[in-house]
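**Student:** Structure incoming, see below.
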Amino acid sequence: MTNNPNIASTERYDAPDATGHFGTYGGAFVPEILYPVLEELKSAYAEARVDPEFDKQYRDLLREYVGRPTPLSFCDRLTTELGGAKIYAKREDLCHTGAHKINNTIGQILLAQRMGKTRIIAETGAGQHGVATATVCAKFGLDCIVYMGSEDIERQRLNVERMELLGAEVRPATSGSQTLKDATNEAIRDWVSNPIDTFYIIGSVVGPHPYPMMVRDFHRVIGNETRAQLLEKEGRETPDAIVACVGGGSNAIGIWYPFINDKDVQLHGAEAAGEGLNGRHAATLAKGTPGVLHGAMSVMLQDHSGQVEIAHSVSAGLDYPGIGPEHAHLRDLDRAQYHPVTDEEALHGVELLSQTEGIIPALETAHAVHLLPTLADQLGEDAVIVFNCSGRGDKDMETIAKHR
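Take the sequence shown: its letters are residues 1 to 404, numbered as in the UniProt record's numbering.
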C-alpha cells in the first residue's frame, strides 16, 4: 500500500473504507461550506502519506524535537506490588510537552504547511493538545487560536499559561458545560467562518473523515515502537494485553493499531465513569447510543430527544460525551474491551503508580492504571502487560491535591 510503514500501512485490518466509515460509524457530517475543505485535506493527506520526503520530515521531527523513541520501561516495583503479570509502561509522558499529543500535532502542522494554510485553530480539554498545538505553531511560525471551555481554563490554569507563553490565543467557550464539547463547537464555528486560510488541528481520533484515520496514523508510532522494544526486552513482539485510557481515544488507538491483527493480544480501554454509571460520568461506550457528534457518526451520551448530555470526569481530558468512531467499531467487533473507571478509582491509580514507580501520571492515564491489578491477577506471572503512560500529571496537581 505504501513505502511509509510508520504512517499508513494497514494489512488485514483495513478500516476505514473509502468513505471514511468504520463499519456503521465515521463518515463526514459537516456544513456544506466545509465539504471542499475536507476534500482538499483528503487529497493533501493521500499525497503526503506516500511521500518519502514528508515521512522523513515527520520522522526527523519526532526524533530530534519530540524525543522519540520514548522508553518502554519495566515497572519492577509495580509488578512486585501486584504479584501477577510483568508490567511495562510506554512512556509517552516523556515526549516533549509531556504527552502523546505532540505526535499528531507534528503531523498535522506539516500538512498545514504543505497546504499553504497560515492560521491554525484547535480545541482542548485538559490542555495537553492545546499546548502541543501552540508548540508546533511557535516552531513553524503560524498564528494559533485554541478554544477551551471556561471550566477547563480554571482547572488547567498551568496549561493555559503555557499556551499563552508559546504565543497562542486561548479563547474561552462559555456555553453548555464549558468543557471540551463546547470548545469543539466553537472551533467548528470558527472553521466554518474561515475555511480558506485556516487549518483545524483536531486533537483526537474524532471529527469528520479523514481526521479519525489521519490522527490514528500519526499516533501509530507508539505501537510500532512498542513492538520493537518488547522484542528487545522480552524476545517477543506482542504482549498479552495492552491497556490505555479512552476519551476521544487517540493514545489508545495509537498503541493498539499495530496489534489489531494479533488476535491473541487483549486490548483494554478505560473510560471515565466519573461519579459512577448512575451519576455524572463520561462512559460513552458503556452508556452511549449511536448519533452524530462533531462531524462523525459514533456513539455518544444523549437524551431521548437526541440532545447531547453533559459529561463529567475528574479528568478534563476524558470529559467528552463522544468517542472516536473506530473505538465504537472495535467494540462492536468485540476486538477491544472497554471498562468504566470512576473518579475515585482513577485517583487511587495516581497514588499506585506514583508510589511504586515514581511516575506521577496524568489523571487520564490513571484511569488505565486502575485496570492493571485485576488484569495482572487474571493473566498470571507468565504474562506481559503494556500500559500506555499517555501523559504526565504536573497539569493535574491542583485537582489531585483537592481530592486527596
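Cβ coordinates follow ideal geometry from the N, Cα and C atoms, glycine included.
Predicted model only: the values in this text are computed from it and were never measured.
(1) Apart from the five residues on each side of it in sequence, which residues of its chain come closer than 6 Å, Cβ to Cβ, to Pro16?
(2) What number of angstroms, rounded off, separates the C-alpha of Lys139 from the C-alpha of Glu364?
(3) Might you give, ordered along the chain, the residues of its own chain that have their beta carbon closer than 7 Å to the beta carbon of Thr399, omitting 5 neighbours on each side?
(4) Based on Cα-Cα distance, which residue from Ile106, Lys90 and Cys389 lies nearest to Lys56?
(5) Counting pairs of beta carbons, one from the region 169 to 180 and one from the region 344 to 351, are three or more of them closer than 8 Å?
(6) Suppose only complete runs of 4+ residues qualify. What are the alpha helix (DSSP H) ranges in the region 195 to 219, listed by chain order?
(7) Spatial neighbours of Asp332 within its chain, please: CB distance less than 7 Å, with the 5 preceding and 5 following residues excluded, ordered by chain position.
(8) Which first and last residues belong to the beta strand (DSSP E) in which Gln307 is found?
(9) Excluding sequence positions up to five away, which residues of its chain have a Cβ less than 7 Å from the Cβ of Gly84?
(10) Please list the segments of the beta strand (DSSP E) lying wholly inside the region 31 to 99, counting only runs of 3 or more residues, in order along the chain.
(11) Specify, as a first and last residue, the run of the alpha helix (DSSP H) that Val246 falls within.
(12) Of all the beta strand (DSSP E) runs that stay within the bounds of the region 100 to 181, which reach a length of 3 or more residues?
(13) Taking the straight line between their C-alpha atoms, what separation do you get for Ile202 and Val215?
(14) In chain order, what are the residue ranges of uninterrupted beta strand (DSSP E) at least 3 long that sit wholly in the region 258 to 346?
(15) Please classify Asp396 as buried or exposed, where buried requires at least 16 other C-beta atoms within 10 Å of its C-beta.
(16) So residue 420 and His268 are supposed to be a Cβ contact under 8 Å. How far apart are they, rounded?
(17) Note down, in chain order, each residue of its chain lying with its Cβ closer than 8 Å to the Cβ of Gly276, except the 5 sequence neighbours on either side.
(18) Taking DSSP as the reference, what is the three-state secondary structure of Val384?
(19) Return the Cβ separation of Lys117 and Phe199 in integer angstroms, given the expectation that the two are a contact with Cβ distance under 8 Å.
(20) Quick one: grab the DSSP three-state call for Pro361.
(21) Residues in the same chain with beta-carbon distance under 6 Å from Asn3, minus the five sequence neighbours each way, listed in chain order, please.
(22) How many Å lie between His100 and Ser73 at the Cα?
(23) If we count Cβ pairs, one from each stretch, closer than 8 Å, do we get three or more for the region 75 to 94 versus the region 346 to 358?
(24) Following the continuous alpha helix (DSSP H) through Arg227, name the residue where it begins and the one where it ends.
(25) For Ala316, tell me which candidate among Leu371, Pro71, Ser150 and Glu64 has the shortest Cα-Cα distance.
(26) Please identify the residue among Cys245, His403 and Ser390 whose C-alpha is closest to the C-alpha of Ala282.
(27) Does the ligand ZN have even one heavy atom less than 7 Å from the beta-carbon of Glu344?
(28) Just to confirm, is the Cβ distance from Ala89 to Phe387 under 8 Å?
(29) In the DSSP assignment, what are the bridge partners of Gly26?
**Tutor:** Let me lay it out:
(1) Phe22, Gly26 and Met213
(2) Rounded to whole angstroms, Lys139 to Glu364 spans 27 Å at the Cα level.
(3) Short of 7 Å from the beta carbon of Thr399, and not among the five residues preceding or following it, lie these beta carbons of its own chain, in chain order: Arg155, Val314 and Leu363.
(4) Ile106
(5) no
(6) 211 to 219
(7) Gly23
(8) Unbroken run through Gln307: none, as it is neither H nor E.
(9) These residues qualify, in order along the chain: Ala376, Asp377, Leu379, Gly380 and Glu381.
(10) Counting only runs of 3 or more, we get 72 to 74 and 86 to 91.
(11) Where Val246 is concerned, there is no enclosing alpha helix (DSSP H), although the beta strand (DSSP E) it sits in stretches over Ala241 to Val246.
(12) 119 to 124, 143 to 149 and 169 to 173
(13) Taking the straight line from one Cα to the other gives about 8 Å.
(14) 266 to 274, 289 to 293, 296 to 300 and 336 to 342
(15) buried
(16) Examination of residue 420 is not possible in this model, given that the chain is present from 1 through 404 alone.
(17) Within the same chain, Cβ atoms closer than 8 Å to the Cβ of Gly276 are found at Thr342, the five residues on either side in sequence being excluded.
(18) strand
(19) 4 Å
(20) strand
(21) Unreliable positioning characterises Asn3 in this predicted model, as indicated by a pLDDT of 36, which lies under 50. The coordinate reading is nonetheless provided below. Here the set comprises nothing.
(22) So the two alpha carbons sit approximately 16 Å from each other.
(23) yes
(24) Val221 to Glu234
(25) With distances taken between Cα atoms, Ala316 lies closest to Ser150.
(26) Cys245
(27) In terms of ligand content, the structure shown is empty, and the ligand ZN therefore cannot be addressed.
(28) yes
(29) His21 and Met297
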